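Enquirer:
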Amino acid sequence: MAGTLAGRVALVTGAASGIGLATARALGRMGAALALVDLDADRIAATAAQLRAELAVDAVGEACDVADPETCASAHAALERAVGPPSVLVSCAGINAQEIKPLHEQSFAHFERMIAIHVHGSARMAALCVPAMRAQRFGRIVHISSILGLVALPWRAGYTTAKHALVGLTRALALENARYGITVNAVAPGYILTPVLEERIRKGILDYDRYAERTPVGRWGRPEEVARVIAFLCEPDSAFITGAVWPVDGGWTMRGDPGDDLGPRPEPVRGRDDGGSRQQSSA
Ligand SMILES: NC(=O)c1ccc[n+]([C@@H]2O[C@H](COP(=O)([O-])OP(=O)(O)OC[C@H]3O[C@@H](n4cnc5c(N)ncnc54)[C@H](O)[C@@H]3O)[C@@H](O)[C@H]2O)c1
57 MAGTLAGRVA LVTGAASGIG LATARALGRM GAALALVDLD ADRIAATAAQ
107 LRAELAVDAV GEACDVADPE TCASAHAALE RAVGPPSVLV SCAGINAQEI
157 KPLHEQSFAH FERMIAIHVH GSARMAALCV PAMRAQRFGR IVHISSILGL
207 VALPWRAGYT TAKHALVGLT RALALENARY GITVNAVAPG YILTPVLEER
257 IRKGILDYDR YAERTPVGRW GRPEEVARVI AFLCEPDSAF ITGAVWPVDG
307 GWTMRGDPGD DLGPRPEPVR GRDDGGSRQQ SSA
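Residues 57 to 339 in the working numbering are what the sequence shown spells out, letter by letter.
1. Tell me where the beta strand (DSSP E) around ARG196 begins and ends.
2. Verify whether the separation of the beta carbon atoms of LEU90 and VAL113 is less than 8 Å.
3. In three-state terms, what does DSSP make of ALA91?
4. Does the stretch 156-168 come within contact of the stretch 227-245, defined as at least 3 CB pairs closer than 8 Å?
5. Could you tell me the alpha carbon to alpha carbon distance between GLY87 and SER143, rounded to whole angstroms?
6. Going by C-alpha distance, which of VAL252, ALA191, TYR264 and ALA179 is nearest ALA228?
7. Answer with buried or exposed for GLN162, where buried requires no fewer than 16 other C-beta atoms within 10 angstroms of its C-beta.
8. Hey, out of ALA71, ALA80, THR79 and HIS174, whose CA is closest to ALA97's CA?
9. Is there at least one non-hydrogen atom of ligand 1 closer than 7 Å to the beta-carbon of PRO245?
10. Using the three-state DSSP reduction, which class does GLY70 fall into: helix, strand or coil?
11. For THR239, write down the residues that DSSP places opposite it in a beta bridge.
12. Going by C-alpha distance, which of GLY76, THR127 and VAL252 is nearest ALA104?
13. Quick one: complete alpha helix (DSSP H) runs, 4+ long, within the stretch 131-213?
14. Suppose the cutoff is 6 Å on Cβ atoms and the five residues either side in sequence are ignored; what does the same chain contact list for ILE171 look like?
15. The alpha helix (DSSP H) with ALA62 in it runs from where to where?
16. In the DSSP assignment, find the unbroken alpha helix (DSSP H) run with ALA109 in it and report its ends.
17. For TRP308, name the three-state secondary structure that DSSP assigns.
18. For LEU341 and ALA78, I'd like the C-alpha separation in whole angstroms.
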């Protein structure tokens, strides 16, 4: 197939749904052979078959939990055997915050899982892919951070920490690999209507209108709108863009109000200055 990534292999994690699926489709349209991973073997095999039929490109799927070093290594090896070494890596595997409460009230396992999937998973896949990219003197790596990689909201400490860490990982890898034809960038999506979030909206767990209102363009984004930026960053001609974090958020992060409720102020501790913002110390 013709296209700017013809003859290249693109590895996309979390490719069975949402931003990962839209990204795989966009990279396939650019002519890349697709090496796809996701948690469930049947689902990712079905996704690969669907994209093979739709785009007439090579596409293979492997089951892999990106938080698990062994399945990452075995999936990477199997995909490399099937379609060749990846020169594009987009790490989309991820989950939303499941326990939305203060850190000290969450299970610590939840915090650790956030870091394991988003940070360890992305770093591990990059470490597996970089040697072949260096040998080819060509590589494109894109991480999926978030608006919560740029600013913070309360009660999502694990997710926010993980998404900020991905910005650091992006910059560190961009510097390490800049002389080898490898660029490393991140996108920072705002509220994107992916199947999981659509389901939460349907169930009344998430309020579409509230977040649409907070977003300057007045709506949620679509997975394809994120994939479009990722695809641009993966173009061979995007060689001079590295270590950058691209918000795809309808203007959410440029808006200056907090947009979320920090909760009531606690009573000041008796006899201590509370910072001078609410009460003058009597001392
Ligand atoms: N949807 C949004 O509003 C939004 C906003 C900012 C960032 N993001 C990020 O975008 C990325 C993609 O999310 P999405 O919204 O497309 O969600 P999604 O649920 O539609 O897709 C995520 C995919 O990752 C897979 N996955 C989850 N854990 C995995 C693991 N341990 N190993 C391998 N695969 C795994 C899931 O099975 C799923 O197919 C995530 O990192 C998410 O944090 C999403």
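For every residue, glycine included, the Cβ atom is placed at its ideal position computed from N, Cα and C. Remember, predicted model here, so these are calculated numbers, not experimental data.
Expert: Let me lay it out:
1. 195-200
2. yes
3. strand
4. no
5. 13 Å
6. ALA179
7. buried
8. ALA71
9. yes
10. coil
11. ARG196
12. GLY76
13. 164-170 and 177-192
14. ALA218
15. Run containing ALA62: none; DSSP gives neither H nor E here.
16. 97-111
17. helix
18. No answer is possible for residue 341: the residues shown for the chain start at 57 and end at 339.
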